[in-house]
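Position in the sequence shown (first residue = 1) + 2 = this note's numbering.
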Amino acid sequence: MANFGEFQLPSLPFQLPSAMLSFPDDYLLTQFNLDALFPSKLSTQLSEILAELVETSKSMTSGSTGTTHQLDFAELSHLLDVSHITASISAFFQSLHWHLPVVHFPTFDPGNIANSLLLAIFLSGATYTIPLDGKGLPSALFDVAEEYIFRQIASLSTLASQKSHSTTQLIQSALIIEMLQFGRDNMQTRRRIRIVRHPCLVSTIRSLGIFQLKRGAAPDICDENIWRQLVAEEVCIRIACWVFLADGFLTVCFNNHPSISVFEMNCNFPWSAGLWEAESASTFSQIATSQSTELPLPPLSDVVSQLLDTPLNEASIPWGPSVSVEHLLILIYAINSLAFQVRAGLLKYISLDKIRCASGNWKRVWDSVIGLLDKDHLLHLGYPKHAQELWWLLNATLDATGKSDSRLQYMDSTATDDLGNLNEFIQWCYQSAP
């Protein structure tokens, strides 16, 4: 974590949630014994990935000056082997997956996965299993993998279907590699992700209509085939929501102007963690039945509008009991995004008083949701536990609006690629507190 007084910003590696900590060390390794299940197919696929990465690195190095990206096939071949892939997949589902839950573990099929997604998952898991010490993963591999994946994103046809398995897997891989690269804390890489890769990914998702995706049916009792169809739909909704979270993170931490409008987020909210992690159609059906009495949540844009417009003295918000901590994390990023745009003069029809109202309504719902969680659940919330800290930061910016101080560069809405301005602003807030 990056610490700023009592305020913390999430970074890699993340804390493991209790659900995964309870598994034996070899649990996921036995789930994905790829050498026994798919030896020939996987070996062929790994050879394809190696060849494609080497060719990509050659094209990146040709005619360039500065850092070399040249990769050696022989050097990579001992890294991208079946045993390392197995360990990396296990590590991915025990680490980054819990904070970027866009790959569905219960239906994950390592024998039917696109090269781009296999590579992204491998690199994510390898970050935890293979040291970056010169004898492990070459640092250039991450940049080459990023280029390899985003070349495919950039060339994705505008006629591609959001329901295409290959399209979904390519977008999953781009989101994973984007977050992985951002977590490496390299200024040049961070800038490239912020101004080139992330806008490209957002534009692609927008062109596919994923930000407006609505469920065909509410979770209910279903068989295996229907469950898998619902999961495929949910994956797309999660892609939209976690790309929106990534966009909000860039705005909050680096004053990056939002690439996604809160009001274009007309997709549904993601399922609860229980539904998402259900290991079978029967378990899914049981959980869906138990949640059937909850009031369905409106689309994200509608919920944000209600937070802006609902008076603070109103007794309750009708859908309040239906939200989860994950939903509230998405919502506080949405309000922070709006607050930034209001400060920057980009949303003149929304007043700061409206933002304060939304902030107060959000906190009411947050307190009621957190009050229902036991201590063990609170301890292992992971990324969503930072939602209240983001609420604190939101209110700090509202209080600082209009004040003049050399330490308030964070408030001038100029994009940056380091955390210096945010750090200085937070320290100013603590020193200025009565």
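Note that CB positions come from ideal geometry on N, CA and C, so glycine has one too.
(message) Using the three-state DSSP reduction, which class does Met267 fall into: helix, strand or coil?
(response) Three-state DSSP puts Met267 in coil, outside helix and strand.
(request) Enumerate in chain order the residues of its own chain whose CB-to-CB distance from Thr191 is below 6 Å, with the five nearest sequence positions on each side excluded. (result) Gln183
(request) List the whole-angstrom C-beta distance separating Ile223 from Ser287, where the pair is believed to meet the contact cut-off of C-beta under 8 Å. (result) 4 Å
(message) Cutting at 7 Å between CB atoms, please list the residues of its own chain near Arg193, excluding the five before and the five after it.
(response) Asp419
(message) Using C-beta distances below 7 Å, list every residue in its chain close to Ser261, excluding the 5 sequence neighbours before and after it, in chain order.
(response) Around Ser261: His200, Pro201, Val204 and Asp249.
(message) Quick check on Val198: buried or exposed, where buried means 16 or more other Cβ atoms within 10 Å of its Cβ?
(response) exposed
(message) Using the three-state DSSP reduction, which class does Gln293 fall into: helix, strand or coil?
(response) coil
(message) Using only the alpha-carbon positions, how far apart do Arg217 and Ser141 sit?
(response) 40 Å
(request) Note down the Cα distance separating Gln411 from Ala242, rounded to an integer number of angstroms. (result) 31 Å
(message) Quick check on DSSP: helix, strand or coil for Ala283?
(response) helix
(message) Within a Cβ cutoff of 7 Å, which residues of the same chain sit near Thr416, ignoring the five residues on either side of it in sequence?
(response) Asn257
(message) On the CB-based measure, 16 or more other CB atoms within 10 Å of its CB, does Glu149 come out buried or exposed?
(response) buried
(message) Comparing C-alpha positions only, which one of Val105, Asp311 and Ser361 sits nearest to Gln171?
(response) Of the candidates Val105, Asp311 and Ser361, the one whose C-alpha sits nearest the C-alpha of Gln171 is Val105.
(request) Can you grab the Cα-Cα spacing for the pair Leu314 / Ala116, in whole Å? (result) 49 Å
(message) Out of Gly322, Val327 and Gln390, which one is the CA nearest neighbour of Leu375?
(response) Val327
(message) Does Tyr432 come out as helix, strand or coil in the three-state DSSP assignment?
(response) In the three-state reduction of the DSSP assignment, Tyr432 falls in the helix class.
(request) Leaving aside the five residues before and after Val237 along the sequence, list all residues of the same chain whose C-beta is less than 7 Å from its C-beta, in chain order. (result) Within the same chain, Val237 has close Cβ partners Val104, His106 and Thr170.
(request) Within the stretch 67-139, note down every full alpha helix (DSSP H) run reaching 4 residues or more, in order along the chain. (result) 75-79, 84-96 and 117-131
(request) Count the other CB atoms, across all protein chains shown, that sit within 10 Å of the CB of Met267; report buried if there are 16 or more and exposed otherwise. (result) With 16 or more Cβ atoms within 10 Å of its Cβ, Met267 is classed as buried.
(message) With the cut-off set at 7 Å, would you say Ile51 and Leu121 are in Cβ contact?
(response) yes
(request) Would you check if the distance between the CB atom of Val264 and the CB atom of Ser339 is smaller than 7 Å? (result) yes
(request) Under 8 Å Cβ to Cβ from Trp244, same chain only, skipping five residues before and after it: list those, please. (result) For Trp244, where only same-chain residues beyond five positions count, the Cβ hits under 8 Å are Leu102, Pro103, Val104 and Leu177.
(message) Tell me which residue opens and which closes the alpha helix (DSSP H) that Ala242 is part of.
(response) That run of the alpha helix (DSSP H) goes Glu226 to Phe256.
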